[in-house]
Structure formats: structure tokens, C-alpha cells
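Enquirer: One structure is given below, represented as C-alpha cells, and several questions about it will come after.
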Amino acid sequence: MIVVNTETIPGYRITQTLGIVQGNVVRAKNIGRDIAAGLKNLVGGELRGYTELLIEARRTATERMLAQAQELAADAVINVRFATSAITQGAAELYIYGTAVKVDRVNEAQTDSAVPGVPVPPLAQ
Amino acid sequence: MTGLLINIGIPILLLIIGLLAGRAIARRHDQLMNKRQPAVDHMRMTDVKTMPDAQVGPTDPMLITAEITLSVDYFNGFIATLVNLVGGEMRMFTHAMVRARREAMLRLLEDAQARGYNAIANVRIDFADIGGNSVRRKGTPKFSILAYGTAYHASAPAQQPLISA
Numbered sequence: 001m002i003v004v005n006t007e008t009i010p011g012y013r014i015t016q017t018l019g020i021v022q023g024n025v026v027r028a029k030n031i032g033r034d035i036a037a038g039l040k041n042l043v044g045g046e047l048r049g050y051t052e053l054l055i056e057a058r059r060t061a062t063e064r065m066l067a068q069a070q071e072l073a074a075d076a077v078i079n080v081r082f083a084t085s086a087i088t089q090g091a092a093e094l095y096i097y098g099t100a101v102k103v104d105r106v107n108e109a110q111t112d113s114a115v116p117g118v119p120v121p122p123l124a125q
Numbered sequence: 001m002t003g004l005l006i007n008i009g010i011p012i013l014l015l016i017i018g019l020l021a022g023r024a025i026a027r028r029h030d031q032l033m034n035k036r037q038p039a040v041d042h043m044r045m046t047d048v049k050t051m052p053d054a055q056v057g058p059t060d061p062m063l064i065t066a067e068i069t070l071s072v073d074y075f076n077g078f079i080a081t082l083v084n085l086v087g088g089e090m091r092m093f094t095h096a097m098v099r100a101r102r103e104a105m106l107r108l109l110e111d112a113q114a115r116g117y118n119a120i121a122n123v124r125i126d127f128a129d130i131g132g133n134s135v136r137r138k139g140t141p142k143f144s145i146l147a148y149g150t151a152y153h154a155s156a157p158a159q160q161p162l163i164s165a
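Protein chains in written order, with our numbering: chain A, 1 to 125; chain B, 1 to 165.
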């Protein structure tokens, strides 16, 4: 599965759009990490526990999105976006979404951004 | 008398530790990033949606991500509460954000390089508030950055470093 956050994939032509696929996860920090981070807060610097929390959340959300894409028999997910929302204090949501597409391999790097099935609206006068 | 000493002494001690250790850690972080920078200077990094000079490479383009959570020290957190009273720029937070973003971008570049790519397009740098910590009133704020982009193969290397120190 090719996953990119651009609208095109060099070397591939998008033949069919299958729709939006998404994955999310709401994670809470645990108390051990909080205590460790509280100590680290005194002197500043990177809080590795929180960085790891972010990495795990991103992995889980991405896996969920890819599972959806696989269900649609997609070859690639394009235009992927991440979004976070603070739901309550101590918990936050990480949300990832993109467009599942079918692609064909081409020899030349493709640079146009025409996605089939999405008509380009005419420019307003 | 002893109670007074503890009540005032401990916060002052924490401020001094924060000031000295915090400054040393921040400086070492900057030095470390300066040292890592030349290795990725040839990489091409843009935030445009098309991929400049893209070519069909040995591997497919892929989404790469970089995360970092950073905090300022106790001393700077304390100064920030003072600045909050009178207003003005919170310089220590400005610098912390700059450092966090630079670290995230360096990690993106190093990840892409380790996977054999020489360019990243459509880079997005988000403030991620996982844990809901950065908005809470008590304690020093934490700066979580989630950066992502698409690594691909470009035909020409970048002509000059794209991130300035």
C-alpha cells in the first residue's frame, strides 16, 4: 500500500477513487509517564514518554486507516492529513484521513493533479 | 523559621536548578542539531503539493512522520507567568517552538535519508496536543509537534540548505 500526503504519486496514474478512509485513536497518558515528565519538566528538554505516546497513537490510527483502505481493495491512499483534538484534559484524539485510490504504474513521473471522479468546478467570474 | 526557609528555599532552589540545567540542555540540543544538519543539507524539502523534480525511483513514495514533545524548564516557566501579567512576547516559548519544529524537521529528513529518499514534499507541521497537556493551567507547557510529508526520489539534489539555524 502506497501512502502519501500529496495528490499525485510519481510513477503512477490514479485510475479510480474509492472514497475517504480514516482512522482515529483517543489516548490517555499514564501516570508513570506523567511523573517522569513532571521531573523532566524541571530542567526542560525532550519528554520522551510523550513523544512515544504520540508515535504509538500515530501508528494505531494509521493502521486503522490502512485496514479500511484494504477493505476497499485500494492500491494507495493519497492526500493524507493528520488532525488532533484535545477531548478532555489528559486525553487527546489523533485522527488520520485520506483518499483511497486505485492506481496504474506508468513509466513517466506524473505531475498533473487530475483525480478521476472529482470534477473541477469552473472558475467564478 | 525552618518552615519559612523550606517554603521559600525550595522554590528558589528549583528555579536555580531549572535555570542552570535548562540552559545547558537547550544549548546542547542546539549544538546537536547544528552537528546533524550538514548530513541532510543535500535533501530537498518543500511544502508544495506537487513533487518538484520527481522521478520514478527504486522505491515508491511514502508518508513519513516525525514526533517530538519538548518542555521548557521550571525557571522559564516561572518567567512566563510573570510575562503573562504584563504582556509582550514570551521569548522562551518562541524559542522552544522553534527548537521543537527544527528537531521535527531534522527527524523527517533523517528518516527519509535512512530510507533512501533524497526529497520530501508537502511537509506539514502540526501542533499535536496528545495528552491534553499543553493547555492545562498548572505546570510548564509542553510542546508537541507532529510533522509529516511525502518522501520521494528527486532527480536533482537541493542547491542549498533549506533550514537555516
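Note that beta-carbon positions come from the ideal geometry of N, C-alpha and C, so glycine has one too.
Starting from the Cα of T99 (chain A), find the closest Cα among A:K40, A:Q68, A:G49, A:T60 and give me that residue.
Expert: Measuring from the Cα of T99 (chain A), the nearest candidate turns out to be A:Q68.
Enquirer: Taking all protein chains shown into account, decide if L5 (chain B) is buried (16 or more other Cβ within 10 angstroms of its Cβ) or exposed.
Expert: Its Cβ having fewer than 16 others within 10 Å, L5 (chain B) is exposed.
Enquirer: In the DSSP assignment, the beta strand (DSSP E) including V26 (chain A) goes from what residue to what residue?
Expert: 12–28 is the span of the beta strand (DSSP E), which, as asked, contains V26 (chain A).
Enquirer: Give the interface partners of D129 (chain B) over in chain A, defined as CB-CB distance under 7 Å, in chain order.
Expert: Chain A residues near D129 (chain B): T84, A86, A92.
Enquirer: Helix, strand or coil for G79 (chain A) per DSSP?
Expert: The residue asked about is misnamed: residue 79 (chain A) is Asn in this sequence, not Gly. Reduced to three states, the DSSP call for N79 (chain A) is strand.
Enquirer: Round the Cβ separation of Y74 (chain B) and N41 (chain A) to the nearest angstrom and send it over; I've been treating them as touching at under 8 Å.
Expert: Right, their Cβ atoms sit about 7 Å apart.
Enquirer: Taking the CB atoms as reference points, tell me whether V123 (chain B) and T46 (chain B) lie closer together than 8 Å.
Expert: It is a contact, given that the beta carbons lie within the stated cut-off.
Enquirer: When DSSP labels each residue in this structure, what does D126 (chain B) get in the three-state scheme?
Expert: D126 (chain B): strand per DSSP, three-state reduction.
Enquirer: Taking the straight line between their C-alpha atoms, what separation do you get for D75 (chain A) and H153 (chain B)?
Expert: About 20 Å.
Enquirer: According to DSSP, is I8 (chain B) part of a helix, a strand, or is it coil?
Expert: Helix.
Enquirer: Tell whether a beta-carbon distance below 8 Å holds between L54 (chain A) and A128 (chain B).
Expert: A contact, by the Cβ cut-off of 8 Å.
Enquirer: Checking the sheet assignment: what are the DSSP bridge partners for M45 (chain B)?
Expert: Its beta-bridge partners are B:I120.
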